[in-house]
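Visitor:
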Amino acid sequence: MKFLTTYTQKGLLSIALLMAMSSCEVTDLDINTDPNKPLSAALNLLLAPAELGALNIGVVGINSSSTTYSPGNFRTVSDNASGFTGIMNSADSYGLDNNTYNGTWNTYYRNLQNVEQILRVTTDGKNPYYRGIALAMKAYAMGNMVDMFGDVPYSKAWQGNVDGSDRNVAFDKDSEIYEDLLKLCDQAVAEFGKAQAVAVSGDVIGGGSAATWIRLAKTIKLRLLMNSRKGRATGNAELKAAFDAGGYITTSAQDFYYQYSKQLSPQDDRHPWAISTYNAGNGFTYINHQMMGEMILNKDPRFGMYFFRQTDKVLDAGNPTDRGTIPYGGTYIPTRPAFLAEYKRVFYNDKQDPTADDIKFLAGIFGRDRGDNTGAPADGTLRTVPGAYPAGGLYGGREIPAKALTGSRDGAGGNGIWPLIMSWNVKFYQVEAILDGTGVTGDARALFETAMREQIASVVKFAQAADTKTPTPAAADVTAYVNAWLALYDAAPTNQGKLNTVAKQIWFCSWGQGQEIWNLMRRTGYPVQGPFKQFSTGIQSPILKPGRQYALRLPYPAQEGNLNSNAAKYVSDIIFDRDPVFWDKVKVKWEF
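Structural data, given as structure tokens:
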């Protein structure tokens, strides 16, 4: 549909005068064209928003109530995925419905239009690098969309402005979309093998480098093959071929991530977690006790970089005000008998009780147990919040006193990152593939150790960039931590047991990377349920029985069902905790 442009009164008067003075018919006025609003843009102007749209929408999702492009809004899906997997309290009781992700769906298709426009105008072969970038970004973003929802509009999508196109867009099968996405990755590599006459500009990810984009396209393909290996007849063979061929991300210098800045205007470009936390009001959800508590018991060197403590006050269950703030069931870390017994054993070899300073430190570990869906009191100034990594917040280790955040950024710059596909992710992919019997070869134990060390080093690097108070962990402490996990790995009697151990470490590594751990759990079923204690290789069961089972996909949005007749059956017939996407053969279930 074309829309009549709006003219000023002065413009309308000029047109009237021209018509009065001339006896000729005025037939060449294109009143449907506004020179200030061109129908297409130059490739270099399209590229940056196309890349950012594909990354933010495809990976992190958007707040369901928002319709504007703002990095601060792109957090719902990632946070919910962290909730599904027991890291945060967000959606960890699976209270989802067909209105939860309306905004995610709508904004995804709108913002990927820039990628589609690049593909439309590069069919002449004159700009292969631009086309290759668009192909790789489409494969990455669309892969995430399929992983989230399953069947979605694809082959007939993004044609709303094409005359004669059907607005009731058909849905493509998720497995068929994946087959095409794998081809897009290969096509992207081929495009970068061609000559690009004019240097690429506007490339905020790869700087116009063909080598960077070839490596990224191959890594995206590897990720797609990892997810789909159990849902495709040739999945394992193709995965092995991709690993054998190489050319994917292998070093931290090649990491794929989005770097936020300290910029506040004209658009706030800080990390979404920093925006919600280090401004007045602290709108961040609860971090689950298991992750924080086990990192303390495990002497994890990343603890102070992941989390910032707001309080050192121990709440009194005998005080009515405090009692209303203590998490459900008295599951409060500084007064939790089982945790304090573990703390006493780990730090004092059972020779003394935790000290007063210990208890004050533990008071700052204020979150919730998994599945605590009770009402939230006014405890925003007590909750543990994201720290220097990946949010660009503040370092919160034991040596730093707790401080209640009051807003106005509280000294936090917000220049954090979204880790998308890091070198340690790829090494964990290979470990999983080796242990899960795909035919992929390599030394799984050595790769496990390297992946842990790379992830810890990455956390330190980005945390120190965000907060200069972040110390470098002692090499001996890092080695002791890594060796403890290698001992757990060695003690597991089977490859599946070893894979579960690796998956639990990946769980700790996935702070800020919800989509990856959700995909892993759906691919493998690991980590399994297990107790909350030192070096546990399981995830705590929900403390309250959820109303639904584990989220195997996201529920289809009601808005799409109302507007698109082809979507109605998906909204009504697909149940998110019953019906998995095509590659999920595990169908995770929790025992309650």
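For the sequence shown, position 105 matches number 986 in our numbering, and the numbering has no gaps at all.
Just so it is clear, CB atoms sit at the ideal spot from N, CA and C, and this is done for glycine as well.
Remember, predicted model here, so these are calculated numbers, not experimental data.
Please confirm whether A1373 and P1408 have their CB atoms less than 8 Å apart.
Guide: No, they are not a contact pair.
Visitor: Since I1302 is in the beta strand (DSSP E), which residue starts that stretch and which ends it?
Guide: That run of the beta strand (DSSP E) goes 1298-1302.
Visitor: Could you tell me if P1034 is buried or exposed, where buried requires 16 or more neighbouring beta carbons within 10 angstroms of its beta carbon?
Guide: It counts as buried.
Visitor: With 16 other CB atoms within 10 Å as the buried threshold, where does Q1410 fall?
Guide: That one is exposed.
Visitor: Just list the alpha helix (DSSP H) runs in the region 1135-1209, keeping only unbroken ones of 4 residues or longer that don't cross its boundaries, in chain order.
Guide: Within the region 1135-1209, the complete alpha helix (DSSP H) runs of at least 4 residues are 1153-1158, 1170-1178, 1184-1187, 1201-1204.
Visitor: Could you tell me the alpha carbon to alpha carbon distance between V1312 and L1328, rounded to whole angstroms?
Guide: So the two alpha carbons sit approximately 6 Å from each other.
Visitor: Could you tell me whether the Cβ atoms of K1037 and A1051 are closer together than 8 Å?
Guide: Contact: yes.
Visitor: With distances taken between CB atoms, is the gap from Y1139 to L1301 smaller than 8 Å?
Guide: Yes; because the gap between Cβ atoms is below 8 Å, this pair is in contact.
Visitor: Using 8 Å for Cβ pairs, my map puts P1218 next to V1195. What's the rounded Cβ distance?
Guide: About 14 Å separates the two Cβ atoms, so there is no contact after all.
Visitor: Can N838 and D1260 be called in contact, C-beta distance under 8 Å?
Guide: Residue 838 lies beyond the range of the chain shown here (882 to 1473); nothing can be said about it.
Visitor: Provide the residue(s) that pair with V1321 in DSSP beta bridges, ordered along the chain.
Guide: For V1321, which the question treats as bridged, DSSP gives no partner whatsoever.
Visitor: Kindly provide the ranges of any alpha helix (DSSP H) runs that are 4 or more residues long and lie completely inside the region 1217-1286, ordered along the chain.
Guide: Here the runs fully enclosed are 1218-1229, 1237-1244.
Visitor: State the start and end residues of the unbroken alpha helix (DSSP H) segment that holds L1065.
Guide: That run of the alpha helix (DSSP H) goes 1055-1072.
Visitor: Have a look at the DSSP bridge pairing and note the partners of V1409.
Guide: According to DSSP, which records beta bridges pairwise, V1409 is partnered with nothing at all.
Visitor: With F1416 as the anchor, note down where its alpha helix (DSSP H) starts and where it stops.
Guide: Careful: F1416 lies outside any alpha helix (DSSP H) and carries neither H nor E.
Visitor: Tell me the residue span of the alpha helix (DSSP H) that contains A1051.
Guide: No alpha helix (DSSP H) contains A1051, which DSSP labels as neither H nor E.
Visitor: When we look at the beta-carbon of M1178 and count the other beta-carbons within 10 Å, is it buried (16 or more) or exposed?
Guide: The question names Met, but residue 1178 is Leu in the sequence shown. It is buried - the Cβ of L1178 has at least 16 other Cβ atoms within 10 Å.
Visitor: Out of G1323, K1007, W1094, point me to the one whose CA is closest to Y1021's CA.
Guide: Minimum Cα distance to Y1021 is reached at W1094.
Visitor: Buried or exposed, going by whether 16 or more other CB atoms sit within 10 Å of the CB of I1315?
Guide: Label assigned to I1315: buried.
Visitor: Hey, quick one: how far does the alpha helix (DSSP H) through I1014 stretch, first residue to last?
Guide: Looking at the DSSP string, the run of the alpha helix (DSSP H) that includes I1014 is 1009-1030.
Visitor: With L1286 and T1158 assumed to form a contact (beta carbons below 8 Å), what rounded beta-carbon distance in angstroms separates them?
Guide: So it is a contact: roughly 7 Å between Cβ atoms.
Visitor: Find the nearest neighbour of K1054 within the set S1453, N1447, D1234, judged by alpha-carbon distance.
Guide: Per the Cα distances, N1447.
Visitor: With three or more beta-carbon pairs closer than 8 Å as the criterion, would you say the region 923-939 touches the region 987-1002?
Guide: Enough Cβ pairs lie closer than 8 Å, so yes.
Visitor: Let's see if you can read the secondary structure: which residues bound the alpha helix (DSSP H) around M1107?
Guide: That run of the alpha helix (DSSP H) goes 1091-1109.
Visitor: Could you give the first and the last residue of the continuous alpha helix (DSSP H) run that contains E842?
Guide: Because the chain here runs from 882 to 1473, residue 842 falls outside it and cannot be looked at.
Visitor: Just grab the DSSP bridge partners of V1033 for me.
Guide: Answer is D1053.
Visitor: Measuring CA to CA, which of K1414, L927, L1103, Q1336 is closest to A1082?
Guide: The amino acid occupying residue 1082 in the given sequence is Ser; Ala does not appear at that position. Minimum Cα distance to S1082 is reached at L927.
Visitor: Have a look at Q1415 and E1175 and give me their C-alpha separation to the nearest angstrom.
Guide: Taking the straight line joining both Cα atoms gives about 6 Å.
Visitor: Whose C-beta lies closer than 8 Å to the C-beta of V1307 among residues of the same chain, with five residues either side of it excluded?
Guide: For V1307, where only same-chain residues beyond five positions count, the Cβ hits under 8 Å are T1100, L1103, Y1129, I1130, T1131.
Visitor: State the Cα-Cα distance for the pair A1361 and A1332, rounded to the nearest angstrom.
Guide: For A1361 and A1332, the distance between alpha carbons rounds to 15 Å.
Visitor: Mark G1294 as exposed unless 16 or more other C-beta atoms lie within 10 angstroms of its C-beta, in which case mark it buried.
Guide: When all chains shown are included, G1294 counts as buried.
Visitor: Considering only the beta carbon of each residue, do K1466 and G1112 sit closer than 8 Å?
Guide: Contact flag set, yes.
Visitor: Name the two residues that bound the continuous alpha helix (DSSP H) containing V996.
Guide: It spans 994-1001 - the alpha helix (DSSP H) in which V996 sits, taken as one unbroken run.
Visitor: So, does the CB of A1449 fall closer than 8 Å to a CB anywhere in chain B?
Guide: The structure shown contains no chain B, having only a single protein chain.
Visitor: What's the gap between the Cα of E1060 and the Cα of T1202?
Guide: The alpha-carbon atoms of E1060 and T1202 are separated by roughly 57 Å.
Visitor: Tell me, to the nearest whole angstrom, how far the beta carbon of D1238 is from that of K1225; I am working on the premise that it is less than 8 Å.
Guide: So it is not a contact: roughly 14 Å between Cβ atoms.
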